[in-house]
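Going by my numbering, the letters in the sequence shown line up with residues 3 to 214, in that order. Virtual Cβ for every residue (Gly too), placed ideally from N, Cα, C. Predicted model only: the values in this text are computed from it and were never measured. Taking it in order: structure first as structure tokens, then the write-up.
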Amino acid sequence: MNLSQKLQSYREESLSKKTEEDKTTMLETAENLKRLEIEKNALNEGDKIPEFQLKNAVGKTIKIYDVLSNGPIIINFYRGAWCPYCNLEIAAYQEILPEIKKRGAQLVAISPEVPDITMTLKEKHALEFEILSDTDNAVAKQFGLVFHLEDKLVALYKKMGIDLVKSQENENSELPIPATYVVNTDGVIKLAYLNSDYTKRLEPMDAVAALD
């Protein structure tokens, strides 16, 4: 089963367990987000990524262009360790990490969560790639990926035990849309996958193929 199939299977199972009210909230807010057309204004293929530095899971500062000096990279923006779709995606990338390394490339994942939370995710999936903390979504905003959550969705998340204030250590109620970028050593984006529908992600091997 590929990643898309796993995501679809989880989505169907998850929605089947939701109340009609909660299901309506999730579907309505998802449709409202889609109408924002964030993908149109975000960094895309042919654009150059900005210079930035972020802390990894152990608090070490990682400069993205230092990483690029060693070869191309795949950058994955995800919503958080609380997101089951993100967990499926992150685990799928760990599985094909040898294919990425074989091509002299590296993988970097970025979320707005604090290092303590990213460390938990790193340990959960025994990740062998960097997970970076994007405080206040500062870098995701430079990529044009960030949106503000509707109050009713924030309330639903709290009901589900998802506390963005705690995981991000701010009260901004903001998230990035999931995005995957394949970036050449000169910082130019070779492949971009952006989708405001968080239940859909790029197949990891498609990112690997872009490295060839």
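Measure the beta-carbon distance from residue i to residue j and round it to whole angstroms, keeping in mind my assumption that it falls under 8 Å.
i    : j    : result
I64  : L56  : 6 Å
L45  : T201 : About 22 Å separates the two Cβ atoms, so there is no contact after all.
A111 : L134 : 7 Å
T31  : L166 : Their Cβ separation, rounded to whole angstroms, is 14 Å, which puts T31 and L166 out of contact at 8 Å.
R13  : E91  : At roughly 13 Å, the Cβ-Cβ gap does not stay under 8 Å, so R13 and E91 are not in contact.
K20  : M28  : 7 Å
In the DSSP assignment, find the beta strand (DSSP E) that holds residue i and state where it starts and stops.
i    : result
N78  : 75-79
S16  : Element bounds for S16: not the beta strand (DSSP E) but the alpha helix (DSSP H), 5-18.
L109 : 108-113
I64  : 63-65
E176 : 176-178
Looking at residue j and residue i, is the spacing between their C-beta atoms short of 9 Å?
i    : j    : result
P114 : A142 : yes
I191 : I51  : yes
L17  : P206 : no
A157 : L123 : no
R81  : L177 : yes
E132 : A59  : yes
N172 : D138 : yes
Check each candidate in the options and name the one with the smallest Cα separation from residue i.
i    : options               : result
D49  : P206, L129, Q144      : Q144
E33  : E152, Y67, A140       : E152
H150 : K103, S198, K161      : S198
Q170 : L196, A211, L5, T120  : T120
V148 : L29, L35, D68         : L35
D24  : K161, Y95, E132, L123 : K161
K103 : E130, R81, C88        : E130
F54  : L196, G189, L213      : G189
N43  : L123, A194, L99       : A194
V210 : R105, N58, G82, E91   : R105
K126 : Q96, E101, P100       : Q96
I164 : P86, A93, E22         : P86
Does chain C have any CB closer than 9 Å to the CB of residue i?
i    : result
L151 : Looking for chain C here will not work: only one protein chain is present.
Grab the span of the alpha helix (DSSP H) containing residue i for me, first residue to last.
i    : result
T182 : Run containing T182: none in the alpha helix (DSSP H); it sits in the beta strand (DSSP E), 181-185.
Worksheet item: Touching or not, the stretch 69-84 and the stretch 167-183, by the rule of three or more beta carbon pairs under 8 Å?
Response: yes
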